[in-house]
Every structure is written in structure tokens, then in C-alpha cells.
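K.L.:
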Amino acid sequence: MTFMTNPTPASVSSEFAHHLRTALPYLARFRNSLVVVLMDGTLLDSPDSHALEDLALLSQSGLRMLIVLDCAPLVGVELTSHGESRLNEAEQLLPEQELLPKLERICAHAHSRLMMRLATSGTQILPVTGPFVQAERLSSAASGVETCNGKVREICAEQLAPILETGGPVLLPTLAHGEKGRLWWLEAEEVALEAAVRMRAQKLILLQSTVLHWQGDTSTQETKALTANEVRRGMAAHPDWPAVQQRRVLAMAQACERGVERAQWVDGTQDGSLLQELLTSEGAGWMVTDRDYQRVRSARLSDAAEILRILQPAFQQAAVVQRTAECVQQHIERFLVGCVDEEVVGCCELVDYGSEAVELAGLAVDEAHRNRGFGRLLVEAGVAQAMRQGRSRMFALTTGSAHVFQYCGFQPATPEQLPEAKRQDYDFQGSGVYLLQLR
7 MTFMTNPTPA SVSSEFAHHL RTALPYLARF RNSLVVVLMD GTLLDSPDSH
57 ALEDLALLSQ SGLRMLIVLD CAPLVGVELT SHGESRLNEA EQLLPEQELL
107 PKLERICAHA HSRLMMRLAT SGTQILPVTG PFVQAERLSS AASGVETCNG
157 KVREICAEQL APILETGGPV LLPTLAHGEK GRLWWLEAEE VALEAAVRMR
207 AQKLILLQST VLHWQGDTST QETKALTANE VRRGMAAHPD WPAVQQRRVL
257 AMAQACERGV ERAQWVDGTQ DGSLLQELLT SEGAGWMVTD RDYQRVRSAR
307 LSDAAEILRI LQPAFQQAAV VQRTAECVQQ HIERFLVGCV DEEVVGCCEL
357 VDYGSEAVEL AGLAVDEAHR NRGFGRLLVE AGVAQAMRQG RSRMFALTTG
407 SAHVFQYCGF QPATPEQLPE AKRQDYDFQG SGVYLLQLR
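First residue of the sequence shown: 7, per this note's numbering; consecutive thereafter.
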């Protein structure tokens, strides 16, 4: 009897393995970490979005999660700059006794749908909700009309902590009680911000129904990470942004200023965008962070395989000299690596030629991360290290990265200007020589 098989193509298998190796370290690092998700209520009805399924999957994987569902788009309610509640379609002020019943009904229905979707999207998912937010009156409306707009007074951290330990996602309300049991309508952005800060969350994720057009761009691909100060400058330059967008972007900046590691904007209508943003270095949206995101560090022995992987295409293009695994491992202390989070995406090698000169060799960047400034970061880090070690000059031989070296101050040179040992063991045909005086 003959058995026929339909083997998976090697390229598909290799690609799957690469994605899995990239994602698993992120999952391991995020396990038991706390994230706060501000979710646009319209995603409940988005036919193309699998954001809820992905939230359930992340919760199953050990990510602790607080979810704030923004119900304002569902009822057409927005807060004006005076803190008044309006119905978008009619632009008519709604008195408290007229507005609250509608808010309660729509929010309760939306929360019920969200909890049901989460519970049925994964095994052993038990979403929880409750009065974990306490509110107080917002300043009175300028018009004198009594409204139900409030602000966060307290996030019940002591009650939330043991519930989060059980692993199920927790839904925080945007309708919360204050003194004497009075009900107040809260901005979802404020609830998410205060929860992230007071619960010491690692991330604040804005799972939205649109791509943010930052600084007038038509995409967010070029702007992956901003500091809080850069965000504030961008907002000052665009006072015409919609009020909702301003509130959300400002909440991202404030979260990082108040200790949250990262705030991330993700378009939840794009399938898989949440997973891509959290589990890959490339991401799928943009983020605010005041901590190191892209950095250069000394290589570790565990980086050797990634260094070889990054160098291989450059070697095939005759851009660098081939190195064996044994060579990289034996001289791992000579390598610097560029990282996004902890994923190695670039490398270079500093080869010592005595007390005066050092070579910057093996400069290479992973194809998916080229044209993002990593080559420049690696060269600048190598130059800084050589200067700390008291070297007087640095040289480089390159067939395709001359622009990077010239940008960093290197000048064209001749083989005669290289150290004698280098001239004896290398064929310079096709390579440009570049030199940088360090002192």
C-alpha cells in the first residue's frame, strides 16, 4: 500500500516558523501583564473585525485585561468643550432626566453583547463587570442646564486586583455612581486613562474603528513611535482635529507622562491588527512611549543565530564578508545589535586594529526594517563605543552602504590609509573605503 502525502512547501513552513518565533517571546513577556483597552463601541457591529476574538485569545494566553467600551458613538452622545451632553444628529441639549435612561439602556445592551462575544470567543473566558469606578460631578455646564456629565473620582483597585488574578477580562463602566447613589456619565478616555495609571498597567490600547491620520499623513506607516512631547506639539499644530480625536490622543500622551509604558492606537477594523501590534516588532498602528523602543546594545551569545540570519542576505549580495556560526559565537563581544523591543533587526561588528584604529564591519539590517534609520543608529553606536575606548579613527569598507557612513561623518578614503594588517588580508576590489577621525 502506498500512502500519498501533500507536504507543506518549505517556504510556507519557514515563514510560519519565523512568525511563531517572533510572537512567542512577546507572549511570554506579556503573560500576567496588565493592559487597559479602550474599545470603540462601533466595533461590536463591524462585520470584518475579529478584534473581540483576538481579545479573547490574548486573555486566554495570560494577558490581564481591563476593557472600557466607549458607548458614545452608539448613542450619538459627545461632550462639548463645556462639558454638556449633546445628541449629534439634532445638536440639542438633553436634560438629565431625558438622557440618563437612554444611556443606561444602550450601555447595558452593549456591555451584554460584549461580554457574550468574549465568552463565546474562547474557552474558559469569564468576563466580569461591576461598579469598579466611582464618579463625581463635572463642573456645571456654562448654559446652566443640569446635565449628567461626571468625572472619575476613584478606580476601585483593591476590588479589581483579586478579580484580575483569576484571568478573565474585566469591563469598566462609563456610567458610574457618585455620592448618594447618583449616576454620572463619564468620558471613556478618562476612565481608560485613570484605570491604566492607577492600576499601573503596562499598556493603554486604543482599539478604534479608524486609522489615525497623524500630522495630515494618509497612513501611519512612517510614524510608528512618538514621545508625549511630540504628540503635544502635533496637537498644537492641528487645533482643527475633532474633539473626540483630541481627547484620545491626549489621553495617550498623559498615560505615558504618568507612568504607563506605552499607549498604542490600533485600527480594529483591520483583521489581525491587534495581534500584529502586540506580537510583532513592526506593529500595525502607532504608539506613544517615553521609554526606549528602538535601541542598540552589545550582542549576547543568544543573539548569534539572529546575527547570522541578518548577515546571510548581505553576504549573498556581496555586501559583507561571510562569517561562520563559530566565528560569530567566538567573537560575539565584538558585535552590536539593533533591536525593536528585544527582537534583533540589525547588527555590526567592531574589529580592533591596535590602539589607534577600529573597523566597523558587517553592517546589515533585516529587510523588513530597512529605511527606518537602523543603519545610522548602529554606526553612531559603534562610533560612540570607539570614542569611549580612546580610538583615534574608524574605517569601513562597503559596497552598498556608503550613504549611511557619509551621513554619519565618514569621508571617502584610499586603501593606503588603512592599517597595514587590513591591507594585507583583504581584496578591496569593488569596495569603497571610508574613514572617520575620532579625535
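Virtual Cβ for every residue (Gly too), placed ideally from N, Cα, C.
1. Report the option in Val-255, Gly-436, Glu-200 whose CA atom is closest to the CA atom of Val-42.
2. Verify whether the separation of the beta carbon atoms of Met-71 and Leu-61 is less than 8 Å.
3. Closer than 7 Å by C-beta to Gly-360: which residues in its own chain qualify, once you throw out the five before and the five after it? Chain order, please.
4. In three-state terms, what does DSSP make of Thr-224?
5. Suppose the cutoff is 7 Å on Cβ atoms and the five residues either side in sequence are ignored; what does the same chain contact list for Leu-3 look like?
6. Report all residues from its chain with a CB closer than 8 Å to the CB of Gln-227; omit the five preceding and five following residues, and keep chain order.
7. Using 8 Å for Cβ pairs, my map puts Ala-198 next to Leu-44. What's the rounded Cβ distance?
8. Going by DSSP in three states, Thr-405 sits in which element: helix, strand or coil?
9. Only counting the same chain, and skipping five residues up and downstream in sequence, which positions put a Cβ closer than 6 Å to that of Leu-446?
10. Please classify Leu-132 as buried or exposed, where buried requires at least 16 other C-beta atoms within 10 Å of its C-beta.
11. Is the segment 349–357 close to the segment 367–378, with three or more CB pairs under 8 Å?
12. In angstroms, rounded to a whole number, what distance separates the CA positions of Glu-193 and Gln-318?
13. Return the first residue and the last residue of the alpha helix (DSSP H) that Glu-283 is part of.
14. Can you give me the Cβ contacts of Gly-274 inside the same chain, cut-off strictly under 8 Å, excluding the 5 residues immediately before and after it?
15. Within its chain, find whatever has a CB closer than 8 Å to the CB of Thr-28; leave out the 5 residues flanking it on each side and keep chain order.
16. Using beta-carbon positions only, say whether Leu-444 and Ala-387 come within less than 8 Å of one another.
17. Give every residue of the same chain whose Cβ lies closer than 7 Å to the Cβ of Gln-335, excluding the five residues on either side of it in the sequence, and list them in chain order.
18. Give the straight-line distance between the Cα atoms of Gly-436 and Arg-238, rounded to the nearest whole angstrom.
19. Following the continuous beta strand (DSSP E) through Ile-73, name the residue where it begins and the one where it ends.
20. Just list the residues that DSSP pairs Gly-207 with in beta bridges.
21. Can we say the segment 232–249 touches the segment 165–173, given the rule of at least three CB pairs closer than 8 Å?
P.N.:
The answer reads as follows:
1. Glu-200
2. yes
3. Pro-425
4. With a pLDDT of 37 at Thr-224, under the threshold of 50, the predicted position of this residue should be treated as unreliable, though the coordinate-derived value follows. Note: Thr-224 maps to coil in three-state DSSP.
5. A query on residue 3 cannot be resolved here, the shown segment of the chain reaching from 7 to 445 and no further.
6. Residue placement at Gln-227 is poorly supported in this model, since its pLDDT is 42, which falls under 50; the coordinates are not used for a value here.
7. 4 Å
8. coil
9. Past the boundaries of the shown model lies residue 446; the chain is included only from 7 to 445, so the question cannot be answered.
10. exposed
11. yes
12. 52 Å
13. 279–285
14. Met-45, Asp-46, Leu-49, Ser-52, Ser-55, Ala-57, Leu-213, Gln-214, Ser-215, Leu-280
15. Leu-285, Thr-286, Ser-287, Glu-349
16. no
17. Leu-307, Ala-310
18. 48 Å
19. 70–76
20. It should be pointed out that residue 207 corresponds to Ala in this sequence rather than to Gly. According to DSSP, Ala-207 bridges with nothing at all.
21. no
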